[in-house]
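Peer 1: Structure in structure tokens, see below.
Number of protein chains: 2
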Amino acid sequence: MPIPKKNIPATVDKVDSRYLESLLGYNARRVALTVIDLFMERMAPHDLRPVDFSVLSLIRNNPGITSRQLCTALDILPPNLVGMISTFEKKKLVRRQPHPLDGRAMALFLTVDGEARMALAEPTVTQLEAEVAGRLTPAEFQNLLHLLQKIYLPSEPAPRKR
Amino acid sequence: MPIPKKNIPATVDKVDSRYLESLLGYNARRVALTVIDLFMERMAPHDLRPVDFSVLSLIRNNPGITSRQLCTALDILPPNLVGMISTFEKKKLVRRQPHPLDGRAMALFLTVDGEARMALAEPTVTQLEAEVAGRLTPAEFQNLLHLLQKIYLPSEPAPRKR
DNA sequence: TATTGTTATACTCTATAACTATA
DNA sequence: TATAGTTATAGAGTATAACAATA
Chain A
1 MPIPKKNIPA TVDKVDSRYL ESLLGYNARR VALTVIDLFM ERMAPHDLRP
51 VDFSVLSLIR NNPGITSRQL CTALDILPPN LVGMISTFEK KKLVRRQPHP
101 LDGRAMALFL TVDGEARMAL AEPTVTQLEA EVAGRLTPAE FQNLLHLLQK
151 IYLPSEPAPR KR
Chain B
1001 MPIPKKNIPA TVDKVDSRYL ESLLGYNARR VALTVIDLFM ERMAPHDLRP
1051 VDFSVLSLIR NNPGITSRQL CTALDILPPN LVGMISTFEK KKLVRRQPHP
1101 LDGRAMALFL TVDGEARMAL AEPTVTQLEA EVAGRLTPAE FQNLLHLLQK
1151 IYLPSEPAPR KR
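These protein sequences, in sequence, are chains A and B.
For the first sequence, the numbering used here gives the first residue as 1, with consecutive numbering after it.
For the second sequence, the numbering used here gives the first residue as 1001, with consecutive numbering after it.
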């Protein structure tokens, strides 16, 4: 039988977060913040924020990708990408080139410096991912990625609006 | 045998995002954005952003909780909570009361209006969660929450820094 | 001396409108 | 007429420093 509490006005000793923890949105955001915090810490020597890494990674794996394609893939608004690309150009990480088939567009490529930067940064990301996933078995980790993708990647490639 | 491509300069037709999709941080952020977008859409009639809902939910389930406890539980900085609480007070959703055991602190409670607002809002959240999880079986959904929590909820309750 | 709540403020991130060059 | 890229700018979100009152 539980010991009766003293009759004091309502105070909270341990916060009950169980309801929030039953919500996918809450849990996904907490995990995203956890990983992003560690990411920024570890990637500081490489001078890359998460979004920088995402952009450079897509250019690396898709040479000649356009700004518009980057914006669609990463859910970035075009005006907010312009500054990033300009900064990358100033730092000699990215090179812009007229698109061969569309005179309005610019094709994006990593420079040699950009390739080198990413070659150093990717293992750092791999390492921090491994640490974050440390409490999960490899099978659990793969399952987690798969379940997350089932949420945001429609099997039918219907256009996403935002 | 694949048909040889025409010899044109590098252009990208379909963006290859497979590397990013192998990263937990990327997937968690995409899911968080997906759920938050739907959340804001559905909760607009209730005039509650995700963070508003989280704060009111914690007050509801922890009557007498302090601002400091809210900040710790939700990873909000104290200066950024002040305005929210003030707004809630103006809207008669939350009531502040001197803390019975700590003269510096304020104990927070929902008003009758606040309870009513949350009583309407919670079913909306339950509904949208069910929709987002629609592609998953109930067992998969529970497993997803469990795996996410293993990432950000340490079994040993070590203090998080940020 | 440390902590709670608060103010003021700066910085970053995200969003909107409008323009140009080209399709 | 629609789209890619760009500029300028507004708004929301997040961060730091400093202070008064209390522990």
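Just so it is clear, CB atoms sit at the ideal spot from N, CA and C, and this is done for glycine as well.
(1) Please list the partners that Val-12 (chain A) has in chain B, where partner means a Cβ-to-Cβ separation under 9 Å.
(2) Expressed to the nearest angstrom, what Euclidean distance is found between the alpha-carbon atoms of Glu-131 (chain A) and Arg-1042 (chain B)?
(3) At a CB-CB cut-off below 8 Å, which residues of chain B make contact with Asn-143 (chain A)?
(4) Based on the DSSP secondary-structure assignment, which residues constitute the bridge partners of Val-94 (chain A)?
(5) CB-CB under 8 Å to Ser-67 (chain A), same chain, minus the five flanking residues each way: which ones, in chain order?
(6) DSSP state of Ile-1076 (chain B), grouped into three classes?
(7) What is the DSSP secondary structure of Thr-66 (chain A), reduced to helix, strand or coil?
(8) Look at the Cβ atom of Leu-1144 (chain B), then the Cβ atom of Leu-144 (chain A), and state whether they are nearer than 9 Å.
(9) Just checking: is the beta-carbon of Leu-93 (chain A) within a distance shorter than 9 Å of some beta-carbon in chain B?
(10) Are Gly-25 (chain A) and Phe-1039 (chain B) close, meaning C-beta to C-beta below 9 Å?
(11) Could you round the C-beta distance between Ala-32 (chain A) and Ala-1032 (chain B) to whole angstroms and report it? I think they count as a contact, below 8 Å.
(12) What is the DSSP secondary structure of Ala-1010 (chain B), reduced to helix, strand or coil?
(13) At least one CB of chain A closer than 9 Å to the CB of Phe-1039 (chain B): is that the case?
(14) To the nearest angstrom, report how far apart Gln-97 (chain A) and Leu-48 (chain A) are at their CA atoms.
(15) I'd like to know whether the C-beta of Asn-27 (chain A) is nearer than 9 Å to at least one C-beta of chain B.
(16) Note down the Cα distance separating Phe-1088 (chain B) from Pro-45 (chain A), rounded to an integer number of angstroms.
(17) Are Arg-1018 (chain B) and Tyr-152 (chain A) touching if we call contact CB-CB under 9 Å?
(18) Check whether the Cβ atoms of Gly-114 (chain A) and Lys-92 (chain A) sit closer than 9 Å, and answer yes or no.
(19) Step through the CB atoms of chain A and report whether any lies within less than 9 Å of the CB of Ala-1133 (chain B).
(20) Alpha carbon to alpha carbon, what distance is there between Ala-1028 (chain B) and Thr-126 (chain A)?
(21) Which of the three DSSP states is assigned to Ala-105 (chain A) in this structure?
(22) Measure the alpha-carbon distance for Val-55 (chain A) versus Thr-11 (chain A) and round it to whole angstroms.
(23) Kindly indicate which residue of A:Val-15, A:Ala-139 and A:His-146 has the alpha-carbon position closest to the one of Arg-1135 (chain B).
Peer 2: Put simply:
(1) Here residue 12 (chain A) refers to the residue found at position 12 of the first sequence. In chain order: Asn-1062, Pro-1063, Gly-1064, Ile-1065, Thr-1066, Gln-1069 and Ala-1107.
(2) For the purposes of this step, residue 131 (chain A) is taken as the residue at position 131 of the first sequence. For the purposes of this step, residue 1042 (chain B) is taken as the residue at position 42 of the second sequence. Distance between the alpha carbons of Glu-131 (chain A) and Arg-1042 (chain B) is about 36 Å.
(3) Here residue 143 (chain A) is taken as the residue at index 143 of the first sequence, counted from 1. Going along chain B in sequence order, the residues near Asn-143 (chain A) (Cβ under 8 Å) are Asn-1143 and Leu-1147.
(4) Stepping through the first sequence from its first residue, residue 94 (chain A) is reached at position 94. According to DSSP, which records beta bridges pairwise, Val-94 (chain A) is partnered with A:Leu-110.
(5) To locate residue 67 (chain A), count along the first sequence from 1; it is residue 67. Pro-78, Leu-81, Val-82, Ile-85, Ala-105, Met-106 and Leu-108, listed in sequence order.
(6) Taking the second sequence and counting its residues from 1, one reaches residue 1076 (chain B) at position 76. It is coil, neither helix nor strand.
(7) Translated into the one-based positions of the first sequence, residue 66 (chain A) becomes position 66. Here Thr-66 (chain A) sits in strand by DSSP.
(8) Walking along the second sequence from the start, residue 1144 (chain B) turns up at place 144. Walking along the first sequence from the start, residue 144 (chain A) turns up at place 144. Yes, Cβ-Cβ distance for Leu-1144 (chain B) and Leu-144 (chain A) is below 9 Å.
(9) Mapped onto the first sequence, residue 93 (chain A) falls at position 93. False, the Cβ-Cβ gap to chain B never drops below 9 Å.
(10) The residue given as residue 25 (chain A) occupies position 25 in the first sequence. The residue given as residue 1039 (chain B) occupies position 39 in the second sequence. In this structure, Phe-1039 (chain B) lies closer than 9 Å to Gly-25 (chain A) by Cβ.
(11) Taking the first sequence and counting its residues from 1, one reaches residue 32 (chain A) at position 32. Taking the second sequence and counting its residues from 1, one reaches residue 1032 (chain B) at position 32. Going by Cβ atoms, the distance from Ala-32 (chain A) to Ala-1032 (chain B) rounds to 5 Å, so yes, they are a contact pair.
(12) Within the second sequence, numbered from 1, the residue matching residue 1010 (chain B) stands at position 10. In the three-state reduction of the DSSP assignment, Ala-1010 (chain B) falls in the coil class, being assigned neither a helical nor a strand state.
(13) Numbered from its first residue, the second sequence carries residue 1039 (chain B) at position 39. So yes, Phe-1039 (chain B) belongs to the interface.
(14) Taking the first sequence and counting its residues from 1, one reaches residue 97 (chain A) at position 97. Taking the first sequence and counting its residues from 1, one reaches residue 48 (chain A) at position 48. Approximately 23 Å, taken between the alpha carbons.
(15) Sequence index remark: in the first sequence, residue 27 (chain A) carries index 27 (1-based). Interface residue, yes.
(16) Indexing the second sequence from 1 puts residue 1088 (chain B) at position 88. Indexing the first sequence from 1 puts residue 45 (chain A) at position 45. Cα to Cα, the separation comes out at about 42 Å.
(17) Taking the second sequence and counting its residues from 1, one reaches residue 1018 (chain B) at position 18. Taking the first sequence and counting its residues from 1, one reaches residue 152 (chain A) at position 152. Not a contact, by the Cβ cut-off of 9 Å.
(18) As a working mapping, residue 114 (chain A) is identified with position 114 in the first sequence. As a working mapping, residue 92 (chain A) is identified with position 92 in the first sequence. Yes.
(19) The sequence position of residue 1133 (chain B) within the second sequence is 133, counting from 1. So, interface residue.
(20) Translated into positions along the first sequence, residue 126 (chain A) becomes position 126. Translated into positions along the second sequence, residue 1028 (chain B) becomes position 28. Roughly 16 Å separates the two Cα atoms.
(21) Translated into positions along the first sequence, residue 105 (chain A) becomes position 105. Residue state, collapsed to three classes: coil.
(22) Working through the first sequence from its first residue, we reach residue 55 (chain A) at position 55. Working through the first sequence from its first residue, we reach residue 11 (chain A) at position 11. Whole-angstrom Cα-Cα distance: 48 Å.
(23) Reading the second sequence from its first residue, position 135 is the one you call residue 1135 (chain B). That would be A:His-146, whose Cα lies nearest to the Cα of Arg-1135 (chain B).
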